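> Heads up, the sequence shown is in the numbering used here, so the first residue is 672 and it goes up one at a time. Glycine included, each C-beta is placed from N, C-alpha and C at the ideal position. This structure is a prediction, so every number in the text was calculated from the model and none was measured. Before anything else, here's the structure in question.
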Amino acid sequence: MIEPIGNQYVVARPVYSANAFGEEHKKKLRHHKTLLDHLKVCCSCSTQKAKRIALSLLPIASWLPAYKVKEWLLSDIVSGISTGLVAVLQGLAFALLANVPPRYGLYAAFFPLLIYFFLGTSRHISVGPFPVLSMMVGAVVARVASEDSVSVDTSNSSLSSNDSLLEERQIMVATTVTVLTGLIQLVLGVLRFGFVVVYLSESLISAFTTAAAVHVLVSQLKFMLQLTVPSFTDPFSIFKVLQSVFSQIEKTNIADLVTSLIILFIVFVFKEINQRYKTKLPVPIPIELIMTVIATGVSYGFDFEHRFNVSVVGEMRSGFEPPTTPDMQIFQDTIGDCFSIAIVGFSVAFSVASVYSLKYDYPLDGSQELIALGLCNIFTGSFRGFAGSTALSRSGVQESTGGKTQVAGLLSAVILLIVVVAIGFLLEPLQRSVLAALALGNLKGMLMQFAEVGRLWRKDKYDCLIWIMTFIFAIVLGLGLGLAASVGFQLLTIVFRTQFPKCSTLANIGRSNIYKNKKDYSDMYEPEGVKIFRCPSPIYFANINFFKQKLIDAVGFSPLRILRKRNKALKKIRKLQKQGLLQVTPKGFICTADGLKDSDEELDNNHIEELDQPINTADLPFQIDWNADLPLNIAVPRISLHSLILDFSAVSFLDVSSMRGLKTILQEFVRIQVDVYIVGTDDDFIEKLARCEFFDNEVKDSIFFLTIHDAVLHILMKKDYSTSKSYSSQEKEMKFDFTINTNGGLRYRECQVPVETKF
672 MIEPIGNQYV VARPVYSANA FGEEHKKKLR HHKTLLDHLK VCCSCSTQKA KRIALSLLPI
732 ASWLPAYKVK EWLLSDIVSG ISTGLVAVLQ GLAFALLANV PPRYGLYAAF FPLLIYFFLG
792 TSRHISVGPF PVLSMMVGAV VARVASEDSV SVDTSNSSLS SNDSLLEERQ IMVATTVTVL
852 TGLIQLVLGV LRFGFVVVYL SESLISAFTT AAAVHVLVSQ LKFMLQLTVP SFTDPFSIFK
912 VLQSVFSQIE KTNIADLVTS LIILFIVFVF KEINQRYKTK LPVPIPIELI MTVIATGVSY
972 GFDFEHRFNV SVVGEMRSGF EPPTTPDMQI FQDTIGDCFS IAIVGFSVAF SVASVYSLKY
1032 DYPLDGSQEL IALGLCNIFT GSFRGFAGST ALSRSGVQES TGGKTQVAGL LSAVILLIVV
1092 VAIGFLLEPL QRSVLAALAL GNLKGMLMQF AEVGRLWRKD KYDCLIWIMT FIFAIVLGLG
1152 LGLAASVGFQ LLTIVFRTQF PKCSTLANIG RSNIYKNKKD YSDMYEPEGV KIFRCPSPIY
1212 FANINFFKQK LIDAVGFSPL RILRKRNKAL KKIRKLQKQG LLQVTPKGFI CTADGLKDSD
1272 EELDNNHIEE LDQPINTADL PFQIDWNADL PLNIAVPRIS LHSLILDFSA VSFLDVSSMR
1332 GLKTILQEFV RIQVDVYIVG TDDDFIEKLA RCEFFDNEVK DSIFFLTIHD AVLHILMKKD
1392 YSTSKSYSSQ EKEMKFDFTI NTNGGLRYRE CQVPVETKF
């Protein structure tokens, strides 16, 4: 019964052990689902289930009917136009990284936007070319579509024909790799492998996207400086790129460098203005559009291509090219590369999407994202585009310019369509360095996540360590291997947290039923002879020894050491008793022997297993008080502990290996007359122990109690009962004392003895 009294409450109920509670409150019989039951549910069909599946496969059906036209449309229009222009520029720039002509970058930017509009679950990312993914595709293109792989009859073919065949081969490799990448992502999505995203923590995602931004920055240096840098995708690739850049730094085109720096400065300034005055500006200033128009006009008007030898976009054909059929041989040659591209592409897209989903509080579906990206890449590859994901800066533009939904992405596709079919030729004089600068202009937000490290260090050092190591792995090993290493390290930190938990000793606070770490409060009460030990993690094979050591540190002694000392002492006492050399008096033991030499057989540590057995004094006519003085100055450590409570309320599971270790620990305490109680476990925990035959004559199922306070009250009641029984027994035995004669007989003496006598 619970009675509220003001801001306090009074609880009146019996002291419950787990067994007593189970007898008073019978559990209901529940049917646990079998594998067949789960299969029936999966294979069953209903209207609601069909609707749920349809909505999950076509997310647009969920958010489009709820679209707030008056509140969102203008923002989506502005965002779509700004993002569309950035998509045009990045498509052209990232096509160069993929070793294909710039115009194919527009195809790679256009088709994913259409597919993702219907199938994607993120409202803010802009799908399409991603520079690191473009570099990975470019490395495959450079390897497979080398000039040696193009079979050309030089006697009948001109140089331009060779170039044309090489270009066709490059496009074939890029599109085939893209289609296979999409197929892999689609299969993983259908198989619901999106669950792996649960292993991508917020700290990991933040560090991974920051490292990706650094990779993007380095990848654009060769365009800003107009240098010839080969594609690298293996570990340490970022350092190889930097080495290549700095080794030929003297070849830098000053005009490209100056132009790109000016563009970067202006973009950064206006981005800051847009951010600072976003509440006052009706729409963000479309600085990308303005700078593109100005840079194209200046380059064309002053003929930068010929006067300063700058690199420009070049020929831009109008319209789309017909779809192509993938090459099955290339499938076989590049399947390993495609799998890496598929995983990195999904990881980057989901990482960026997670940042915005957390910021704007809406759900993501990892498996549906795999399906959406897979179909995006399949369609893109079929129409001569190359693999994509989401560019960090482009998504940043879509979000920072006010984009609310994927309507902004659809409008971006309209901008791309206009450029592809009508005005693409106007971009021919545009410098490639301008494309690179505009691509980098929106990375400020991602790079500023370095500040996350300081915040995490103050909150959780493990999360901070995950951030740092993820960043290092992604930078040094590349995004593919870096992601795998980061996830592995993150899981390792979980192991560390559970393997080395912060165990504590609890005590009663305020004389209530509340128990806290005794180091944290001053008004603590710890019952005499009782120790309460809390383990805040699962107990399994890797931390059972750590748990045991922490428990020994908490109680202040090793039960196994005490047990061995007592068994050794018992051997000596038993030998003295058999020889008639031991007397028991009110003041303790009296030994009439001058000394006793231990035999090697009795005290040999090679027979250590004998010393680990329970203490058996059945053959002695008296009980030994191990905290009293023993004959011949036999040294046995004294302990004041009589009860140990283990708080397992935070122990979520116990594996078979740790069960054996835990049982051994409990047996050691029981054998030295320390009662052990376990509290806070659920019924499944106890049932699992019973199934694994954990209980026996020493470790019984009666040791479980519902709460710490139940166990403490039980101990106090048991102690009071034992004390009263002991006093009664002593009153009856006041007249008797036993002295052991040399012949082993017993005689009576009228005095009180401090030992319990056996009859």
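Quick check on the DSSP output: what are the complete beta strand (DSSP E) runs of length 3 or more inside the region 1318-1351, in order along the chain?
1346-1350
> Report the three-state DSSP secondary structure of residue 947 (helix, strand or coil).
Within the sequence shown, residue 947 is the residue found at index 276, counting from 1. The three-state secondary structure of residue 947, taken from DSSP, is helix.
> Would you be able to state if there are at least three C-beta pairs under 8 Å between the region 890-897 and the region 1098-1108?
yes
> What separation, rounded to the nearest whole angstrom, lies between the Cα atoms of residue 1409 and residue 1305?
As a first step, residue 1409 is located in the sequence shown; it is residue number 738 there, counting from the start. As a first step, residue 1305 is located in the sequence shown; it is residue number 634 there, counting from the start. Interpretation of residue 1409 is limited by its pLDDT of 33, a score under 50 that renders its predicted location unreliable; no figure is taken from the coordinates.
> Could you tell me whether the region 1075-1090 touches the region 780-797, where touching means 3 or more Cβ pairs closer than 8 Å?
yes
> What residue from 679, 955, 1163 has the CA that sits closest to residue 754's CA?
Position 83 of the sequence shown, counted from the start, is the residue given in the question as residue 754. Nearest of 679, 955, 1163 to residue 754, Cα basis: 955.
> Drop a sphere of 10 angstroms on the beta-carbon of residue 807, count the other beta-carbons inside from all chains shown, and report buried for 16 or more, exposed for fewer.
Here residue 807 corresponds to residue number 136 of the sequence shown, with the count starting at 1. Looking at its Cβ environment, which holds 16 or more other Cβ atoms inside 10 Å, residue 807 is buried.
> If I follow the unbroken alpha helix (DSSP H) through residue 712, where does it start and stop?
Here residue 712 refers to the residue found at position 41 of the sequence shown. Its alpha helix (DSSP H) spans residues 706-714.
> Are there three or more Cβ pairs, one per stretch, closer than 8 Å when the region 1038-1051 is compared with the region 853-865?
yes
> Can you tell me whether residue 1224 is buried or exposed, with buried defined as 16 or more other CB within 10 angstroms of its CB?
Residue numbering aside, residue 1224 sits at position 553 when the sequence shown is read from its first letter. So residue 1224 counts as exposed.
> Kindly indicate which three-state DSSP category residue 1238 falls into: helix, strand or coil?
For this step, residue 1238 is matched to residue 567 along the sequence shown. Correct three-state label for residue 1238: helix.
> Assuming the contact rule is C-beta atoms closer than 8 Å, residue 906 and residue 983 should be a hit. Round their C-beta distance to whole Å, please.
Here residue 906 refers to the residue found at position 235 when the sequence shown is read from its first residue. Here residue 983 refers to the residue found at position 312 when the sequence shown is read from its first residue. With 8 Å as the limit, residue 906 and residue 983 do not qualify as a contact, their Cβ atoms being about 34 Å apart.
> Assuming residue 729 contacts residue 790 under a Cβ cut-off of 8 Å, what Cβ separation, rounded to an integer in Å, is found between them?
Position 58 of the sequence shown holds residue 729. Position 119 of the sequence shown holds residue 790. With a Cβ gap of about 7 Å, residue 729 and residue 790 count as contacting.
> Buried or exposed: where does residue 947 fall if 16 or more other Cβ atoms within 10 Å of its Cβ makes it buried?
By 1-based counting over the sequence shown, the position of residue 947 is 276. Residue 947 comes out exposed.
> Quick one: grab the DSSP three-state call for residue 1178.
Here the question's residue 1178 lines up with position 507 in the sequence shown. In the structure shown, residue 1178 sits in a strand (DSSP, three-state: E or B).
> Three-state secondary structure (DSSP) at residue 973?
Taking the sequence shown and counting its residues from 1, the one referred to as residue 973 is at position 302. In the structure shown, residue 973 sits in coil (DSSP, three-state: anything other than H, G, I, E or B).
> Can you tell me whether residue 1169 is helix, strand or coil according to DSSP?
Here residue 1169 refers to the residue found at position 498 when the sequence shown is read from its first residue. Residue state for residue 1169 is assigned as helix, using DSSP reduced to three classes.
> Rounding to the nearest angstrom, what Cα-Cα distance links residue 684 and residue 1296 in this structure?
For the purposes of this step, residue 684 is taken as the residue at position 13 of the sequence shown. For the purposes of this step, residue 1296 is taken as the residue at position 625 of the sequence shown. Whole-angstrom Cα-Cα distance: 37 Å.
> Taking C-alpha atoms, which residue in 1242, 1284, 1190, 927 lies nearest to residue 1231?
The sequence position of residue 1231 within the sequence shown is 560, counting from 1. Taking only the C-alpha atoms, the option nearest residue 1231 is 1284.
> In angstroms, rounded to a whole number, what distance separates the CA positions of residue 1070 and residue 688?
As a position in the sequence shown, residue 1070 is number 399, starting the count at 1. As a position in the sequence shown, residue 688 is number 17, starting the count at 1. In a straight line, the C-alpha of residue 1070 is about 57 Å away from that of residue 688.
> So which of 875, 1004, 1012 has the shortest CA-CA distance to residue 801?
If you number the sequence shown from 1, residue 801 lands on position 130. Here the closest residue by C-alpha is 1012.
> Comparing alpha-carbon positions, which option in 869, 691, 987 lies nearest residue 773?
Residue 773 sits at position 102 when you count from the first residue of the sequence shown. Here the closest residue by C-alpha is 987.
> Can you say whether residue 1186 is buried or exposed, counting buried as having 16 or more other CB atoms within 10 angstroms of its CB?
Along the sequence shown, read from residue 1 onward, the residue named residue 1186 stands at position 515. Residue 1186 counts as buried, since no fewer than 16 other beta carbons sit within 10 angstroms of its beta carbon.
> Quick one: is residue 681 buried, meaning 16 or more other Cβ sit within 10 Å of its Cβ, or exposed?
Residue numbering aside, residue 681 sits at position 10 when the sequence shown is read from its first letter. When all chains shown are included, residue 681 counts as exposed.
> Could you tell me which of 1359, 1357, 1353, 1346 sits nearest to residue 1382, measuring between CA atoms?
Numbered from its first residue, the sequence shown carries residue 1382 at position 711. Per the Cα distances, 1346.
> Alpha carbon to alpha carbon, how far is residue 997 from residue 762? Give it in angstroms, no decimals.
Sequence index remark: in the sequence shown, residue 762 carries index 91 (1-based). Sequence index remark: in the sequence shown, residue 997 carries index 326 (1-based). The straight-line gap from Cα to Cα measures roughly 22 Å.
> Compute the beta-carbon to beta-carbon distance between residue 1141 and residue 758, rounded to the nearest angstrom, for a pair I have assumed lies under 8 Å.
The residue you call residue 1141 lines up with position 470 of the sequence shown. The residue you call residue 758 lines up with position 87 of the sequence shown. Between residue 1141 and residue 758, the beta carbon gap of about 28 Å keeps them out of contact (Cβ cut-off 8 Å).
> Measuring straight from C-alpha to C-alpha, what distance separates residue 1228 and residue 691?
For this step, residue 1228 is matched to residue 557 along the sequence shown. For this step, residue 691 is matched to residue 20 along the sequence shown. One C-alpha to the other measures close to 32 Å.
> Quick one: using the 10 Å Cβ neighbour count with 16 as the cut-off for buried, is residue 920 buried or exposed?
Residue mapping note: residue 920 aligns to position 249 of the sequence shown, counting from 1. Result: exposed.
> Mind reading off the beta-carbon distance from residue 1023 to residue 1061? Whole number of angstroms is fine, and I expect it under 8 Å.
Taking the sequence shown and counting its residues from 1, the one referred to as residue 1023 is at position 352. Taking the sequence shown and counting its residues from 1, the one referred to as residue 1061 is at position 390. Rounded, the Cβ-Cβ distance is 5 Å, consistent with contact.
> Using a Cβ-Cβ cutoff of less than 8 Å, which residues in the same chain neighbour residue 819 once the five nearest sequence positions on both sides are dropped?
Taking the first residue of the sequence shown as 1, we reach residue 819 at position 148. In this prediction, residue 819 has a pLDDT of 46, which is less than 50 and means its spatial position is unreliable; nothing more can be read from the coordinates.
> Are the beta-carbon atoms of residue 743 and residue 1076 separated by less than 8 Å?
Stepping through the sequence shown from its first residue, residue 743 is reached at position 72. Stepping through the sequence shown from its first residue, residue 1076 is reached at position 405. Yes; because the gap between Cβ atoms is below 8 Å, this pair is in contact.
> Could you check the C-alpha separation between residue 1192 and residue 1175 for me, to the nearest Å?
Working through the sequence shown from its first residue, we reach residue 1192 at position 521. Working through the sequence shown from its first residue, we reach residue 1175 at position 504. In a straight line, the C-alpha of residue 1192 is about 13 Å away from that of residue 1175.
> Under a three-way DSSP split, which group does residue 1061 fall into?
Counting from 1 along the sequence shown, the entry for residue 1061 is found at position 390. Looking at residue 1061 - three-state DSSP - the assignment turns out to be strand.
> Would you mind listing the alpha helix (DSSP H) stretches within the region 857-915 that are 4+ residues and don't spill past its ends, in chain order?
873-890, 892-896
> Helix or strand or just coil, what does DSSP make of residue 1376?
Translated into positions along the sequence shown, residue 1376 becomes position 705. Residue state, collapsed to three classes: strand.
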